[in-house]
Structure formats: structure tokens, C-alpha cells
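Remarks on the structure that follows.
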DNA sequence: CCATTTGCTACGAATTAAGTAGCAATACTA
DNA sequence: TAGTATTGCTACTTAATTCGTAGCAAATGG
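Chains as they are written, first to last, in the working numbering: chain A, 1 to 113; chain B, 1001 to 1113.
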């Protein structure tokens, strides 16, 4: 399979020719559905089809691509129960978790104006 | 200008037909360079050209598109000194700031295996 | 004035994502 | 144990996004 666009630390990515970790993560997470997949997997392991339902309207092509990228990045893995967050993935989830509450407040103000 | 793909709370976005705030934010930030722009603007106001330098290799087309989206979302704004984070944008930056340290650790383990 | 710098826009090419169909492998059922 | 359903994809075509380069109008500087 083509591996060329897998954001890897130390290799050129969007935002950093030298592959700074934060830019690697931004490149990885800054792709369609990536953060949503991590968000949903926090609720426990999911099969491919279930993940497809959770992410409304995601195409199998894109889901499969994201799964492979996130797996190579060791943020998710596949178990007998389905796809699940790794320890790294869970840590990452915990970091982005506060976005949920913040986003609700942001949305409220968005409407106000 | 075309407004149709501006992720807006309450309107269908990638990941949520009903436009849940967190999915709106994921749609907004899950586009190329979006998080990188916010990251760089934390260092203070930047002109268009300077932002272009900070974000290595970003095309003016994409930068301009992202700027418009983030401006409509009230995360950034334009002042006499250049583009800068709004209060909302600064809050958001503070939330994603820990990703920097985490990413460095993640990258370390990435190499280890 | 005249030269720079700035903030873009235009536009074609390349890359990424969407959408739909369907198939091979596994799990379940009668 | 043969038949049925479910799962995890792949194939393929079309649509949308992003890139890359050129360059121009407006503001700024000398």
C-alpha cells in the first residue's frame, strides 16, 4: 500500500520541513474524520461498520485510509473486539476532550452575534 | 465569495448532520493548516506574508481560504498589526497547547519501535 | 514620483475525499 | 453442514480540496 503521505516525525510534513512533532500531529489530525474517529473510539472498541455509523456519512474508502494512518501512528489498534484506542490514543483523547465543552460554549456565542 | 463549506453550528458538517459543536470544530480544524495557523498566531499578530513564511510551503490560496474560515468562526481577526487570535481563538490555543509537549513524547516513542 | 512590499486573485495541475457497488472471509442459523 | 447474514474491506468513477506559480492593485517608503 502507498505509504508516502503518512505523517512521520522527522520527515517533511505540512507545516514543517523537518517534521516537528506538533506539525506531524497537526498533519495527521488535520485530515477529514481523524479527530472524529478518535473521539468516537473513546466510547469503546468499534467494528469497522459501527465506526462507519458513528461517523455519519463517512465513506469506507476514507475510513479505511484514516484507520491505516492512525494505526501506523499507534494511536489506534485492532483487537478482537474491534478498533480501539492505544495508550497513546487515549492520552491524546484526554487532551482533546476539553474541546467538547469549549465547543458548546463557542457555538453559543457564535449564535449570539 | 462562496460560503457553502463554512462549518457552522447547527448546520450539517462532516461528522454530524445536526451540526454538533464538537463536530463543527473538528470540521473546521480538520482542514489543512488550520491548527498550524492558530499555533503560529499565538506568537503574536502576523501579516499575511509572515504567516505564509511561518507555515512553510502554504499556498496563498489555501492560506486565504483558511483565514476567511477562521475569521468567520471568530477564532482570528484582523487588526492594524495583522492577523491575530480573538479571545475565543486564544482559549482554543490554550486547549491545544498541551499537544506540543505530548507530541514530542509521542514522537520519541514512535522512533523507539 | 518611483520602487517595494503587501494582500491577495486567477488558473491549471495534482492530490484527496465522496459515493456506490460488490466481493471474499468469517460468524451465525436451522 | 448447507444456507444466510454480517463484516471488512477493495474497485472505480466523480467531486471537492489543495498546490504552485504568476502577477496585479493598493498601500507604504524613500
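Glycine included, C-beta positions come from ideal geometry on N, C-alpha and C.
{"query": "Secondary structure at residue 969 (chain B), three-state DSSP: helix, strand or coil?", "result": "This structure does not reach residue 969 (chain B), given that chain B is present from 1001 up to 1113, and the question cannot be answered."}
{"query": "Within the continuous alpha helix (DSSP H) that includes residue 67 (chain A), where are the two ends?", "result": "60-72"}
{"query": "According to DSSP, is residue 1100 (chain B) part of a helix, a strand, or is it coil?", "result": "helix"}
{"query": "Which residues does DSSP list as the beta-bridge partners of residue 76 (chain A)?", "result": "A:85"}
{"query": "Are at least three pairs of beta-carbons, each pair with one atom in the stretch 1089-1099 of chain B and one in the stretch 1025-1043 of chain B, less than 8 Å apart?", "result": "yes"}
{"query": "On the CB-based measure, 16 or more other CB atoms within 10 Å of its CB, does residue 48 (chain A) come out buried or exposed?", "result": "exposed"}
{"query": "Could you tell me which residues DSSP pairs with residue 46 (chain A) in its beta bridges?", "result": "A:83"}
{"query": "With respect to the alpha helix (DSSP H) encompassing residue 39 (chain A), which residues constitute its N-terminal and C-terminal limits?", "result": "34-41"}
{"query": "Classify residue 1069 (chain B) as buried or exposed, calling it buried when 16 or more other Cβ atoms lie within 10 Å of its own Cβ.", "result": "buried"}
{"query": "Assuming contact is defined by CB atoms lying nearer than 7 Å, are residue 46 (chain A) and residue 82 (chain A) in contact in what I supplied?", "result": "yes"}
{"query": "Counting only beta-carbon atoms, is residue 1025 (chain B) nearer than 7 Å to chain A?", "result": "yes"}
{"query": "Along the stretch 1056-1077 of chain B, where does the CB come closer than 9 Å to a CB of chain A? Name the residues.", "result": "1056, 1057, 1058, 1073, 1074 and 1075"}
{"query": "Give every residue of the same chain whose Cβ lies closer than 6 Å to the Cβ of residue 10 (chain A), excluding the five residues on either side of it in the sequence, and list them in chain order.", "result": "19"}
{"query": "Since residue 56 (chain A) sits in a beta bridge, which residues does DSSP pair it with?", "result": "B:1015"}
{"query": "Give the secondary structure of residue 27 (chain A) by DSSP, where H, G and I count as helix, E and B as strand, and everything else as coil.", "result": "helix"}
{"query": "Show which residues of chain A have a CB atom less than 7 Å away from the CB atom of residue 1095 (chain B).", "result": "98, 99 and 102"}
{"query": "Would you call the CB atoms of residue 1012 (chain B) and residue 103 (chain A) closer than 7 Å?", "result": "no"}
{"query": "Would the beta-carbon of residue 30 (chain A) fall within 7 Å of that of residue 1044 (chain B)?", "result": "no"}
{"query": "Could one say the Cβ of residue 82 (chain A) lies closer than 7 Å to chain B's Cβ atoms, at least one of them?", "result": "no"}
{"query": "Give the residues of chain A in contact with residue 1091 (chain B), contact being defined as C-beta atoms less than 7 Å apart.", "result": "102"}
{"query": "Going straight from the alpha carbon of residue 65 (chain A) to that of residue 1074 (chain B), what length do you get?", "result": "32 Å"}
{"query": "Spell out whether any CB of chain B is found under 7 Å from the CB atom of residue 32 (chain A).", "result": "yes"}
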